[in-house]
Each structure stands twice: as structure tokens, then as C-alpha cells.
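*Asks:* One structure coming up, written as C-alpha cells, with questions to follow.
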Amino acid sequence: MDPEESAAPVLNQGEEAAEAAEPAPAEEERAPPAQEVPAGEGSPASGGEAAARAHPEEEEELARQVMEVGLQNEYLRSQIGGARPAGGADEGSELVRGLKEQVEKLTREVQEQRLTREATEKALEHVNVAYAEADGKVQVLTAKLSQAEQKMEKELKERDDKYVELDTKFQRLHKRAKQRIQDIQKEKDDLEARFNEVNQKAEQAASLQLAAQQELERARQQASEALRSMDVERQQLRTVNNKLRANLDETHLALEARNNSLEKLQQSVLEKEQLLEKVQGSLQSAEDKRMAIISELTAKHQKQLESLQAQLAEVSAERMKASETIQSLQAVLTEKDSEIAEIEAASTGEAARLRASLEEVKGELAHLKDEHEKERQSWEATCESLRSKLEASENTCLKSEIESAKVKSQLELELSTQNQLLQTKDSDLMAAKQEISRLESEFSAYKVRAHALLQKKDAELNAAKSSDLVKEHEEAIREAEKEVAAALAERDKAIHDLQEAQSRHCDEIEARDIALADAEKKLKNIMKKLDSVSSNFITEKESWEKNMASVEENWRLKCESLKAQSNGHVDDELQKNLGELTLKYEKLKEEHQSFRDIADRMIEDKEQEIAKLLKENRDLHRSLEAKPPVSNNYCQNQGPVKDTMSVELAEQQILLLARQQAQREEELAQSQRHILALQQEIEELERENRLHDQQEAMLKTELRNMERSQKREGIDMTYLKNVILKLLETGEVGALLPVVATLLQFSPDELKKCQQGVFSSVASSQAAALSDGTTTPNSFFSRFSF
Numbered sequence: 001m002d003p004e005e006s007a008a009p010v011l012n013q014g015e016e017a018a019e020a021a022e023p024a025p026a027e028e029e030r031a032p033p034a035q036e037v038p039a040g041e042g043s044p045a046s047g048g049e050a051a052a053r054a055h056p057e058e059e060e061e062l063a064r065q066v067m068e069v070g071l072q073n074e075y076l077r078s079q080i081g082g083a084r085p086a087g088g089a090d091e092g093s094e095l096v097r098g099l100k101e102q103v104e105k106l107t108r109e110v111q112e113q114r115l116t117r118e119a120t121e122k123a124l125e126h127v128n129v130a131y132a133e134a135d136g137k138v139q140v141l142t143a144k145l146s147q148a149e150q151k152m153e154k155e156l157k158e159r160d161d162k163y164v165e166l167d168t169k170f171q172r173l174h175k176r177a178k179q180r181i182q183d184i185q186k187e188k189d190d191l192e193a194r195f196n197e198v199n200q201k202a203e204q205a206a207s208l209q210l211a212a213q214q215e216l217e218r219a220r221q222q223a224s225e226a227l228r229s230m231d232v233e234r235q236q237l238r239t240v241n242n243k244l245r246a247n248l249d250e251t252h253l254a255l256e257a258r259n260n261s262l263e264k265l266q267q268s269v270l271e272k273e274q275l276l277e278k279v280q281g282s283l284q285s286a287e288d289k290r291m292a293i294i295s296e297l298t299a300k301h302q303k304q305l306e307s308l309q310a311q312l313a314e315v316s317a318e319r320m321k322a323s324e325t326i327q328s329l330q331a332v333l334t335e336k337d338s339e340i341a342e343i344e345a346a347s348t349g350e351a352a353r354l355r356a357s358l359e360e361v362k363g364e365l366a367h368l369k370d371e372h373e374k375e376r377q378s379w380e381a382t383c384e385s386l387r388s389k390l391e392a393s394e395n396t397c398l399k400s401e402i403e404s405a406k407v408k409s410q411l412e413l414e415l416s417t418q419n420q421l422l423q424t425k426d427s428d429l430m431a432a433k434q435e436i437s438r439l440e441s442e443f444s445a446y447k448v449r450a451h452a453l454l455q456k457k458d459a460e461l462n463a464a465k466s467s468d469l470v471k472e473h474e475e476a477i478r479e480a481e482k483e484v485a486a487a488l489a490e491r492d493k494a495i496h497d498l499q500e501a502q503s504r505h506c507d508e509i510e511a512r513d514i515a516l517a518d519a520e521k522k523l524k525n526i527m528k529k530l531d532s533v534s535s536n537f538i539t540e541k542e543s544w545e546k547n548m549a550s551v552e553e554n555w556r557l558k559c560e561s562l563k564a565q566s567n568g569h570v571d572d573e574l575q576k577n578l579g580e581l582t583l584k585y586e587k588l589k590e591e592h593q594s595f596r597d598i599a600d601r602m603i604e605d606k607e608q609e610i611a612k613l614l615k616e617n618r619d620l621h622r623s624l625e626a627k628p629p630v631s632n633n634y635c636q637n638q639g640p641v642k643d644t645m646s647v648e649l650a651e652q653q654i655l656l657l658a659r660q661q662a663q664r665e666e667e668l669a670q671s672q673r674h675i676l677a678l679q680q681e682i683e684e685l686e687r688e689n690r691l692h693d694q695q696e697a698m699l700k701t702e703l704r705n706m707e708r709s710q711k712r713e714g715i716d717m718t719y720l721k722n723v724i725l726k727l728l729e730t731g732e733v734g735a736l737l738p739v740v741a742t743l744l745q746f747s748p749d750e751l752k753k754c755q756q757g758v759f760s761s762v763a764s765s766q767a768a769a770l771s772d773g774t775t776t777p778n779s780f781f782s783r784f785s786f
């Protein structure tokens, strides 16, 4: 092989190396910052990617060298072909010298090319550092995402704290209700103490009755002596007795009319209770259909109950008045019977019979008390069992809430980890896509330049026809082809590695989809459990309502039976028992209402939690749908990837989270405003109710005063004159005071004041009579002198 032929390609190679070395200073200027970056910032992933980038660059350099060698070969052929026919041996020697000089130049250029390679390697290191910086930015963005998630968790905790505060407020209200119940119990104890005092007073009255019986015996002795003088007066007393009997018949008729009116009122009460039961049935059906109307229906129900209770209170007040009139009439009858018995010298059999009847009534009352206490204990046991069931259901609800919260937190953690893995994989794919697009652009530019150079060299080689140089160039071409084949093999290997990475990424995406499907299944199972728990709670609530309805019916029937008994046996103790039973009934009703309110609140809380879980599930679905779906065509398509993505996805996610946070804060503020407005409305309604109650009380008092004034207008003045004359003659204020009160329509306060004055005067007169044994009591017989 001629040295001139070997020198020519080296010359062209040096020229091409010089062309390639021109951008080296710029790369050398960029290289120093790479040395300043610490080695810790580059991750292992960035080193692997730098190695993957180096393979296609070496392949491009080898292809570039092969093309340059071919072009140089063609150029030298053209030069040699042009030099042979023109010159002689001197020109050949000059060519050899020139070629040797060119060889030396080319060796220098080869050294410069090595330096340029080192500079390119430094530039690659600089690119790796830039990639590490990009990784740092991605980590910063992930940190921002984690901060946003922490803010979300803080807000959720604040919401939980608010719910805890509401629970504490509810517990405080419950404690206040318990304190109110204890106060009512204390009032009941006070009433029992008063009842004991009344019993003591009754015993004192019995002792006074014994003293009166002794005085009656003395009076009988005196009456036996004065029978002769009393014959005339007997006839007068008989006429008076007939008049009194006629009055008693009239009073009996009036009492029967009042009893009829009371029966009518009881029938109206029963009808209203039936209406109440119908309303309760309609309420239950409305609760099954629409839970939203419960509050309005309960309000209406409470108003109707209050009106009925007011009517019952009025009826009981009227009944008390009737009982007082009956007692006064009975007192008048007993006094008249005692006077007739004293005048006719009757035996003491009536007193024994009355005692026996009193003992029988007392026994019946004791038996009724025992039965009522047993029934009260049984109902208290049922109420305690219902309370235990309610506490058990509350515990189960709390357990289900805790389990749902745990599952929710686990799912959120899994979703966050999956999202982080997806973000890292997406960033890796983005970087790989950018590298591939950059290499493709460089390769296309190199192809254009190589094609232009080939066209030039072809034009030059057409002029050169040297066989030796052609052989040498062919050998060089073969070596270059071997190098190109090796480079192509490395390129295929790199492509294969890239395909494997894509397949791994596809597998990870499929695993992510499977995990998301599992999370959705878990959420569905949790929703099913919550639905079952809520349905069980609703069924338990319905059963409790049925039990309480049955309890109310039983108590109502017992109250009616006691009222019927009280019509036959008018007694203060029975009336007190009725009052206690009505109080117990009201207490049980209030407890039932409180349990019902608690159940309604718990159902509303559960519905709100279910709605919240559904909303979060929808938000998760929307966020998953909003993310760009990763196509599985990476595993199939082996061509170049043209999709370009950047770190803006993370920023968009941060913006979305910030918007969601702002929306949630606005919703919280709106809900708080709504709660405040509702509280103000409730306070206004309570004030209006108080005003209505005061107005009703005033109107009732005015109506009663009007009724009294109307009744006073229709008084029989002759009858009133006779009663007042009788009162002044006999001085029997205790017997004739109820008659005067009914005629003149005294108010309850006025009647109480008169009774207190009468009792104080009677007590003082009895004390004086006991202190002076010779004097007789102020009775009918005190007018006669024996």
C-alpha cells in the first residue's frame, strides 16, 4: 500500500475532526459547573440513564466516522486520479511530502479530537447534573404535595374535633335532662312528705273526732232530758230536712249533669288520643317514605300533645272543683245526718260502719298502691333494658365508625403510595421520551449533513480512479462496517433494554389498576356494612317506638280505669295517686321523646357520614379519571415516542388540591353560617312560644273571670239570703263555705284564704274548749239552756 494513499484519508479525517472540534470550547465552558455540583445529588437512576444515553452517542460517532472515512476515500481517489495524468515524478514527490505534512496535521487533529471527546464526556456529566437537579425539583414538588395532603388531614382532624365538641354539647344536654329528672324526683319526695303531713293532720282530725264523740255522748245525756222540749222543734227540723233533701236532689242532678259533661270530655279526650294514634301512624309512614319531614311532623305532634295536655289539665281542674263541691255537700250531709242522729238518739252503729268502710277504702288504696308500684318497677325494668339495648347499638355504631375510619386511612395511604410511584414512573418516562426525541433530532440533522457530504464526495470521487486507494478504502470501509455492525448491535441492545423498561412500567401500571380496583371493592363493602348497620338501627328504633306506644296505651288505660274508680270513690289519696301516675306517664313520654330525638340525631349523623364517604369516593374516582391514562401501546410499539410531558402535572395537581381546599373551606363557612342562622331562628321561636304561653295564661285567667262574673249574674238571691242567714245563725262556716263559694264564684285563691281563716278559727276555738272543760263546744245545742 502506498503511503500517499494511507495519508489521504487521514487528511480528510483530520478535517472532519477539526469541524467536529469547533463546538468544543463552548462545551468546555459549560463543563466547569458540573464539577461544582456535589456527587451526592446524582441518584443511581441518573447514572443508569447517562449510560443509556452514552450508547446511542457512541453509535452516532462511529457512524459519523464511517461516513467521513468514505468521503475522504472518494476525495483522495479524485485527487489521485487528477494528479496522475497531469504531473511526473517531481509532482508525485511533492504530493508525498504534502501528504506527510497532512498526516502530521491529522495526528494533531486526532489529539484535538480526543480532547473534544473528553469535553463531550464532561458535557454529558453536566447533563447528568441537570437531570439530578430536575429530580430535586420533582422531589420538591412531591414535598409540596405531601404538605397539601397534611393540610387536608389537619382540616379533617379539625372537623373531627368539631364533631367531638358537638358530642360533648349533646352529653351536656343529656346531663341537664338527668338533673331535671332528679329535680322532679326531689319534688316528688317533697310531695310525699306533704302527703305524710296531711296523714298526720288526718290522724289529728281523728283524735278530734274521738273528742267530739265524747261530747256527743254528753249531749245525748242532755238530750234525753230535753226530749220533751224538742218535740216542737222536731217538726221544724223535719221540714228543714225535707228542704235540704230537695236541695240535695238538686245538687245530685247538677252533679249528674257535670258527670255527663266530664264523660263527654273524656270521650273527646279519647277521640283526641285516637287522633294522636292516627297521627303517630302517619308519622311512621312518613318516616319510612321521607326522612326529611320528621322534624316538622314531630313539631306538630308535640304541639297537639301540649294542647291535649292543657285540655286534660283543665278537665282535671274542673274535676277537682267538682270533687270539692261533692266533698262540701258530703260534709253537709254528714253534719245533717249527725244532727238527726243526735236528735233521734241513734246508736253508734253508723260510726262503726263508717270506720269499716274507711278501712275497706284504705285497704283498697293500699292494694292499688302495691299494684302500681309493681307495674312501675316492671316498666322501669323494661326502660332499663331498652336503655341497655340503645347503649349496645351506640357501641356497635361507634365500632363500625372506628373500623370505617381505619379502613379509610389505610386506603388513603395505599392511594398516596400508588400515586407517588406513578409520579416517579411518569417522570422517568418523560425523561426517557425527551432523550429519545433529542437523539432522533440529532440523528436526523446528522443524516442531512452526511447526505450533503456524500453528494460532494461522490462528485469528487468520480474524478479519482486509483485502484490501490480503492482497495485500501474498501478495507477501511470493511473495518468501518464491522464497527457499524457492533454499534448497531449495541443500539439493538439499548432498544431491547428500553422495551424491557417499558414492559416493566406496563406491569406496574396494571398492578396499580388492580390495587385501585381492590380499594374500590373495599369501599363498596364498607358502604354495604354501613347500610346494614343503619337498617338495623332503624328496625331497632321502630321496635322501641312500638314498645313505647304499647307502654303509653297501657298507662292510658290504667289512667282511664283509675279515673273511673275515682268517679265511684272520691278521695284525696286516689287523686294524688292519679296525679303521680300522670306525672310518671309524662316522664316516660318525655324519656321516649328524648330517646327518639337521640335516635334521629344518630341516624342523621350516620347519613351525613355515608354522604361524606360517597363524596370522597366520587372525588377519588374523579381524580383518577382526571389523571392522563397511561397507554399500554408502549409494550407493542417499537417506534419512537413523540409524547412530551413535563413537571407541570405535579403543579396542576397542587392547584387542583388548593382549589378543593378552598371549596371545602367555603363549604365549612357556609355550614357554620347556616348553623348560626338556625340557632337564631330557634331562639326567636322559643321567645315566641314563651310569649304565646304568657298570652294563653292571661287569656285563660280573663276567661275564667268572665265566666265567674256571668255565673254571678244568674244567682238566686233568695237562696243566697237563706244560706247567709243559716251561716249567721248556726256559725257552720266549714260546711256552708263551699256553697257560698259556688254561688258567688270564688276564685281558688280566695277559697283557699277563706278555708285557712276557718281552720285557724276552728283550731283556736277547739283549743279554748279543751282548756275549759265545763264549756260545751260551739254547736247547735249551745243555744239552749238546760
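UniProt numbering puts the first residue of the sequence shown at 1, with every later residue one more than the last.
Glycine included, C-beta positions come from ideal geometry on N, C-alpha and C.
Only a predicted model underlies this, so the values are computations on that prediction, with no experimental measurement involved.
Please list, in chain order, all residues of the same chain as M1 whose beta carbon is under 6 Å from its beta carbon, the five residues on each side excluded.
*Replies:* Confidence at M1 is low in this model, with a pLDDT of 44, below 50, so its placement is unreliable and no value can be given for it.
*Asks:* So does the region 533–541 actually touch the region 427–441, counting three or more Cβ pairs closer than 8 Å?
*Replies:* no
*Asks:* Take E414 and list the residues in its own chain whose beta-carbon comes closer than 7 Å to its own, dropping the five residues that flank it on each side.
*Replies:* A515 and A519
*Asks:* Within this structure, are the beta carbons of A697 and E335 separated by less than 7 Å?
*Replies:* A697 is not a Cβ neighbour of E335, given a cutoff of 7 Å.
*Asks:* Cα-Cα, which of E510, W544, L613 and N547 is closest to N525?
*Replies:* For N525, the closest of E510, W544, L613 and N547 by C-alpha to C-alpha distance is L613.
*Asks:* Using only the alpha-carbon positions, how far apart do Q111 and D135 sit?
*Replies:* 36 Å
*Asks:* Would you check if the distance between the CB atom of V733 and the CB atom of V723 is smaller than 7 Å?
*Replies:* Contact: no.
*Asks:* Going by beta-carbon coordinates alone, are V66 and V448 separated by less than 7 Å?
*Replies:* no
*Asks:* Would you please state the rounded distance, in angstroms, between the beta carbons of E508 and K406? I believe it to be under 8 Å.
*Replies:* Contact flag wrong, Cβ pair sits at about 27 Å.
*Asks:* Since Q423 and T142 are thought to touch, with beta carbons under 8 Å apart, how far apart are those beta carbons, to the nearest angstrom?
*Replies:* 7 Å
*Asks:* Just reading off the alpha helix (DSSP H) that Q734 is part of, what are its end residues?
*Replies:* According to the sequence as given, residue 734 is Gly; it is not Gln. Segment V733 to L744, the alpha helix (DSSP H) holding G734.
*Asks:* Can you tell which of K576, Y131 and Q661 has its C-alpha closest to the C-alpha of G192?
*Replies:* Here the sequence assigns Glu to residue 192, which means Gly is not the residue at that position. Residue K576 is the option with its Cα nearest to E192.
*Asks:* Note down the Cα distance separating Q755 from R708, rounded to an integer number of angstroms.
*Replies:* Distance between the alpha carbons of Q755 and R708 is about 19 Å.
*Asks:* Would you call K615 buried or exposed, if buried means 16 or more other Cβ atoms sit within 10 Å of its Cβ?
*Replies:* exposed
*Asks:* What's the gap between the Cα of R704 and the Cα of A549?
*Replies:* 35 Å
*Asks:* Do the CB positions of Q418 and R512 come within less than 7 Å of each other?
*Replies:* yes
*Asks:* Closest to A669 by CA distance: which of E58, L76 and R159 is it?
*Replies:* Closest by alpha carbon: R159.
*Asks:* Buried or exposed: G70, going by 16 or more other Cβ atoms within 10 Å of its Cβ?
*Replies:* buried
*Asks:* Taking the alpha carbon of R556 as the point to measure from, which residue in Q266, N199, G731 and E133 has its own alpha carbon closest?
*Replies:* Cα-wise, what sits closest to R556 is Q266.
*Asks:* Classify G757: buried if its beta carbon has 16 or more other beta carbons within 10 angstroms, exposed otherwise.
*Replies:* exposed
*Asks:* Return the Cβ separation of R376 and K584 in integer angstroms, given the expectation that the two are a contact with Cβ distance under 8 Å.
*Replies:* 7 Å
*Asks:* Measuring straight from C-alpha to C-alpha, what distance separates V198 and E364?
*Replies:* 19 Å
*Asks:* What are the boundary residues of the alpha helix (DSSP H) that includes M291?
*Replies:* Element bounds for M291: n/a, residue is neither H nor E.
*Asks:* To the nearest angstrom, how far is the alpha carbon of M527 from that of I610?
*Replies:* C-alpha separation (whole angstroms): 7 Å.
*Asks:* Along the alpha helix (DSSP H) that carries I724, what are the first and last residues, could you check?
*Replies:* M717 to T730
*Asks:* Would you call the CB atoms of A487 and L62 closer than 7 Å?
*Replies:* Yes; because the gap between Cβ atoms is below 7 Å, this pair is in contact.
*Asks:* Look up G70 in the DSSP assignment and say whether it is helix, strand or coil.
*Replies:* helix
*Asks:* How long is the line joining the alpha carbons of A494 and E149, rounded to whole angstroms?
*Replies:* 39 Å
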